[in-house]
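Before any comments, here is the structure.
Residue numbers (this note's numbering), protein chains in the order written: chain A, 433 to 540; chain B, 290 to 401.
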């Protein structure tokens, strides 16, 4: 299937580094979601976007609908940012298709 | 608001046993869904509901039943547990399917 691909699968960074996680997809979408899964397992919605760019604190999400690509950026990364980041496609307004996630580890 | 709650947090079943995973939300969300998460795979949709009395199958519905008698509750029933159903199960809700998703804490199920 692989309608959605995330890269990299694993990412290790040093505290303070600028981080980029990518999401490419092959189908038409109405929106794209970025989610964060904490080491304890809980999942939190970070962004939902259908065009342009959104910013929340040190997190920035962008999407290019024509290129079918989205990026999640973390500025001034911190060990507490260590988590799995998941991209999910909204293709129908009622169902999401999830990427496999990117495991981020930020070392102090 | 409690948000989305799931019970139990952990469960061990023997093959062939049945059980119900509970999910409730207090945000008056119309849309609720059940996902399973397995190593190396993304979250996969089992069943979803767009409102009380309405349910539909997702990507991996076999072996699971759901019902939605109230807006608040969306239980997931395993009719005859199999080892292939060992997974972490997440319930989620949203105002509608395309809006921000709110996830429960998950239920870790092991079938032996």
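For each residue, glycine too, the CB sits at the ideal point set by N, CA and C.
If only complete runs of 3 or more residues are kept, the region 491-533 of chain A shows the beta strand (DSSP E) at 491-496, 501-506, 515-522 and 528-530, in order along the chain. Only residues of its own chain outside the window of five on either side were considered, and among them 396 have a CB closer than 7 angstroms to the CB of residue 297(B), listed in chain order. One finds 389, 390, 391 and 392 in chain B with Cβ atoms closer than 8 angstroms to the Cβ of residue 477(A), taken in chain order.
Under the three-state reduction of DSSP output, residue 373(B) falls in the helix class. Under DSSP, residue 340(B) shares a beta bridge with 343(B). Within the region 314-346 of chain B, the residues whose Cβ lies closer than 9 angstroms to some Cβ of chain A are 320, 322, 324, 326, 329, 330, 331, 332, 333, 334, 337, 339 and 345, listed in chain order. With respect to residue 443(A), residue 536(A) sits close: the two C-beta atoms are nearer than 8 angstroms. In the pairwise beta carbon analysis, the region 362-379 of chain B is classified as touching the region 296-312 of chain B: at least three pairs are separated by under 8 angstroms. Under the Cβ distance rule, residue 530(A) counts among the residues neighbouring chain B, one pair being separated by less than 8 angstroms. Residue 472(A) is classed as exposed because its beta carbon has fewer than 16 other beta carbons within 10 Å across all chains shown. Checking the DSSP bridge columns, you'll see residue 395(B) has no partner listed.
Residue burial annotation: residue 498(A) is exposed, with fewer than 16 other C-beta atoms found within 10 angstroms of its C-beta. Considering only 343(B), 344(B), 345(B) and 363(B), the residue with the shortest C-alpha distance to residue 378(B) is 363(B). Taking C-beta separations shorter than 8 angstroms and ignoring five residues to either side along the sequence, the partners of residue 307(B) in its chain run 366, 367, 368, 369 and 370, following chain order. Residue-level contact check: residue 465(A) touches chain B, since one or more beta carbons of chain B fall below 8 angstroms from its beta carbon. Only residues of its own chain outside the window of five on either side were considered, and among them 494 have a CB closer than 6 angstroms to the CB of residue 485(A), listed in chain order.
Taking a Cβ-Cβ cut-off of 8 angstroms, the neighbours of residue 474(A) in chain B comprise 392, 394 and 395, given in sequence order. Within the same chain, 495 and 497 come within 7 angstroms of residue 483(A) by CB-CB distance, once the 5 residues on both sides are set aside.
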